[in-house]
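Peer 1: Below is one structure. I have some questions about it.
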Amino acid sequence: MSAVAPPPAARRRVLIVDAHPVFRDGLRAWLERQPDLECCGEAHDTASALAAMAAHRPHLVTVELRLKAEDGLELVKSIRTQSPQTLVLVVAQQEELIYGDRTLRAGAQGYVSKDRPGAEILAAIRAILNGEIHVSQRLAAVMLRKLWRGVPAGESDRVLSERETQVFQLLGSGYGSREIARRLRLSIKTVDNHRDHIKTKLHLKDATSLIHAATRWVEGRLETVPPKPKR
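Below, the structure is given as structure tokens:
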């Protein structure tokens, strides 16, 4: 008498939260081809994400950092508060050296860039479902250097506010005050005020020094925003 085959293992449920339908469709297609994973739902903003979580009880949620006018980091925090057992992978376009550490401190278990191949995103999902933390080798190296130098995780990020960090990143990406104001939905005067605050906090003497520091940081030649010197 032949042995009865064991039932197939249940597929792990993944909820996709992203403002872009094309990306959601692509990731869903990748997930549905996997024997161990399934897409249990999609959402485009915070409200629909929390509703989908309650309805589908996913094992893991993928979160984009820019959900229209909303902040994906706040959604990560809400998920960790409302459903501590739910795992979170941030899949985003933003520079990982700026946002990667912040996403982990907000409660995510990993960060992967949207421009990575689908197979790499799936590997990140599986790693987190298996109890691991997933970041790129580049980000891991930066975080290890911080520990080796005795700098607490996230210490440099606290030098600049969230909005100042966004302005700093865009400056380093080649944008002027007018374009930054448009992208962040701020007035040009507010952007210029943020620029002045950044110069003061980072001890930069003029606009040229500010642009140079921002460009070096975005390009990865500086691994962190330099903290204020201790007095």
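Okay, so the sequence shown: first residue is 1 according to the working numbering, each after it adds one.
Cβ atoms here follow ideal geometry from the backbone N, Cα and C, with glycine treated the same way.
1) Below 7 Å between beta carbons: does that hold for G110 and I128?
2) With a CB to CB cut of under 8 Å and the five nearest residues on each side skipped, what residues in its chain are close to M239?
3) Opposite E42 in the DSSP bridges: which residues?
4) Are the CB atoms of K68 and A19 nearer to each other than 7 Å?
5) For H59, which residues of its own chain have a beta-carbon under 8 Å away from its beta-carbon, when the five flanking residues on both sides are left out?
6) So A119 is in the alpha helix (DSSP H); what residue range does that whole segment cover?
7) Once you ignore the five residues that flank T190 on each side, which residues in its own chain have a CB closer than 8 Å to its CB?
8) Should E70 and A92 be called a contact, given that it needs their Cβ atoms to be closer than 7 Å?
9) How far does the alpha helix (DSSP H) with A106 in it reach, from first residue to last?
10) Can you tell me which of R183, G176 and L204 puts its alpha carbon nearest to the alpha carbon of D192?
11) Would V17 pass as a contact of A47 if the rule is Cβ separation under 7 Å?
12) Fully enclosed by the segment 174-228, which alpha helix (DSSP H) runs are 4 residues long or longer?
13) Evaluate R183 with the Cβ neighbour count: other Cβ atoms within 10 Å of its Cβ, from every protein chain shown; 16 or more gives buried, anything less gives exposed.
14) Going by Cα to Cα distance, which pick from W217, G26, V135 and A124 is closest to T165?
15) For the alpha helix (DSSP H) holding L27, just list the boundary residues, first then last.
16) Let's test the definition: count the other Cβ atoms within 10 Å of the Cβ of D101 and tell me whether it reaches 16, buried, or not, exposed.
17) Assuming E42 and R24 form a contact by the criterion Cβ under 8 Å, report the distance between their Cβ atoms to the nearest whole angstrom.
Peer 2: According to the structure shown:
1) A contact, by the Cβ cut-off of 7 Å.
2) In this structure the chain extends from 1 to 231, so residue 239 is not present and cannot be described.
3) E42 pairs with I16.
4) It is a contact, given that the beta carbons lie within the stated cut-off.
5) The residues R12, R13, V14, T86, L87 and L129, in chain order, have a CB closer than 8 Å to that of H59 in the same chain once the five nearest residues on each side in sequence are set aside.
6) First-last of the alpha helix (DSSP H) with A119: G118 to L129.
7) Result list for T190: A181, in chain order.
8) With a cutoff of 7 Å on beta-carbon distance, E70 and A92 are scored as not near each other.
9) For A106, the enclosing alpha helix (DSSP H) covers residues E96 to A106.
10) Answer by Cα proximity: G176.
11) Not closer than 7 Å, so no.
12) Within the segment 174-228, the complete alpha helix (DSSP H) segments of 4 residues or longer fall at 177-184, 188-202 and 207-219, listed in chain order.
13) With fewer than 16 Cβ atoms within 10 Å of its Cβ, R183 is classed as exposed.
14) In terms of CA proximity to T165, W217 leads the group W217, G26, V135 and A124.
15) Start and end: P21 to E32.
16) Answer is buried; the Cβ neighbour count reaches 16.
17) Indeed they touch by this definition, with Cβ atoms about 5 Å apart.
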